[in-house]
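Going by our numbering, 1095 is the number at position 114 of the sequence shown; the sequence numbering is gapless.
Ideal Cβ placement from N, Cα and C applies to all residues, glycine included.
In this text, all values refer to a predicted model and were calculated from it rather than measured experimentally.
For reference, the structure is listed below as structure tokens.
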Amino acid sequence: MSLLEKLFFPPKCSSCQKLLGIDIPDSMALCEGCRRLWESEALETCGVCAKAVGRCACMTERMQKSKCKGFYKLIYYVPAKKTPVQNRLIYTVKQTRDRRTVDFLAEELWHSMQALLKEESIAQERVLLTYIPRSSMAKLQYGTDQAEALATAISRLSGIPMDALIRRKGGKANSQKKLDPVARYQNAKNSFDVAQKTRVDPKGKTVFLIDDIVTTGASIAVGTRLLRKMGASEVYAFAIASDIFNRDRAVY
């Protein structure tokens, strides 16, 4: 954002809407108070592995069965709550085209990816980025695909190639929100397929699959299976948040 843009459209905290000032970097999306809240929430520990959520790789059973190598998230999402700072950021990227919030979350996810690359000795040049695509109806309603926006921003930060390797099938898609775990998985199977035309070939590559929130892991599980069908050697999932229900146990 240019100085002129900042003067006419002063940047605000993505959580509490407090003015941030015009001399801040574009990736700074939170005021000092909300940033402290974010960092505090990121210290929440997984009840399964006892690691801080940002270092936890635990997955739901659906994701494990799909042979996803690990699931990395920044924070836990608290359903049906408007006040937690993480929820506000997620609502912002889902419902608006706020570049500042996307850049902030992309930077946080890239830090997580860098840690994984180092720990697992994964060569960055063997990595591709892709994402779980939003339904055309939701994209039309809100004017954005939040997972695509995150993947694009991470690619810009990292230099890792990004492509839409998974596509939405035609026809009306059911909302995942009102479905039970078994129905969610079946709905995801009916909703996604491999992309017909891609700029990059995932065969033999490590793919980082990006989504915004993971609840049962149905979409990630289906996406992982599709990517492996395309020849990906390994698939790791990344998301802004995991449903807090997943903190203490896997779901089906």
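query: Does any C-beta atom of chain B lie closer than 8 Å to the C-beta of M1094?; result: Absent from the structure: chain B. Only one protein chain is present.
query: Using only alpha-carbon positions, find the residue among S1214, L1131, I1147 and R1148 that is nearest to R1078.; result: L1131
query: Look at the alpha carbon of A1096 and the alpha carbon of L1090, and state the distance between them as a whole number of angstroms.; result: 10 Å
query: Once DSSP output is grouped into helix, strand and coil, what is the label at T1073?; result: helix
query: A1221 and D1193: beta carbons closer than 8 Å?; result: First, the amino acid is wrong: residue 1221 is Ile here, not Ala. It is a contact, given that the beta carbons lie within the stated cut-off.
query: In angstroms with no decimal places, state the Cα-to-Cα distance between K1075 and D1229.; result: 26 Å
query: Could you check if G1204 is buried or exposed, using at least 16 other CB atoms within 10 Å of its CB as the buried criterion?; result: buried
query: Where DSSP assigns a beta bridge to F990, which residues make up the other side?; result: Note: F990 sits in no beta bridge, so no partner.
query: Excluding the 5 residues flanking I1113 on each side, which residues of the same chain have their C-beta closer than 6 Å to its C-beta?; result: A1128, D1192, S1200 and G1204
query: What does DSSP give as the partner residue(s) for F1173 in the beta ladder?; result: R1149
query: For I1191, report the span of its beta strand (DSSP E) as first-last.; result: T1187 to V1195
query: Is it buried or exposed, F990, if we count other Cβ atoms within 10 angstroms and call 16 or more buried?; result: exposed
query: In this structure, how does DSSP classify I1221 when only helix, strand and coil are distinguished?; result: strand
query: Does the beta-carbon of V1163 have 16 or more other beta-carbons within 10 angstroms, so that it is buried, or is it exposed?; result: exposed
query: Where S1136 and R1148 are concerned, what is the direct C-alpha to C-alpha distance, given to the nearest angstrom?; result: 19 Å
query: Near K1258, what residues of its chain come up, given a Cβ to Cβ distance below 7 Å and the 5 sequence neighbours on each side ignored?; result: The displayed coordinates of the chain run from 982 to 1233. Any statement about residue 1258 would go beyond what the structure contains.
query: When you compare only the Cα positions, how much space is there between Q1177 and L1138?; result: 27 Å
query: Using only the alpha-carbon positions, how far apart do E1215 and L1098 sit?; result: 13 Å
query: In the structure shown, what three-state DSSP assignment does M1143 receive?; result: strand
query: Can you tell which of I1005, K1186, T1197 and T1179 has the C-alpha that lies nearest to the C-alpha of F1085?; result: I1005
query: Who pairs with F1052 in a beta bridge, going by DSSP?; result: A1218
query: Taking the CB atoms as reference points, tell me whether N1168 and T1041 lie closer together than 8 Å.; result: no
query: Need the endpoints of the alpha helix (DSSP H) that T1205 sits in, please.; result: A1199 to K1210
query: If you count every other CB in all the chains shown that lies within 10 Å of the CB of R1186, and 16 or more means buried, which is it?; result: The residue you asked about is not Arg; residue 1186 is Lys in the sequence shown. So K1186 counts as buried.
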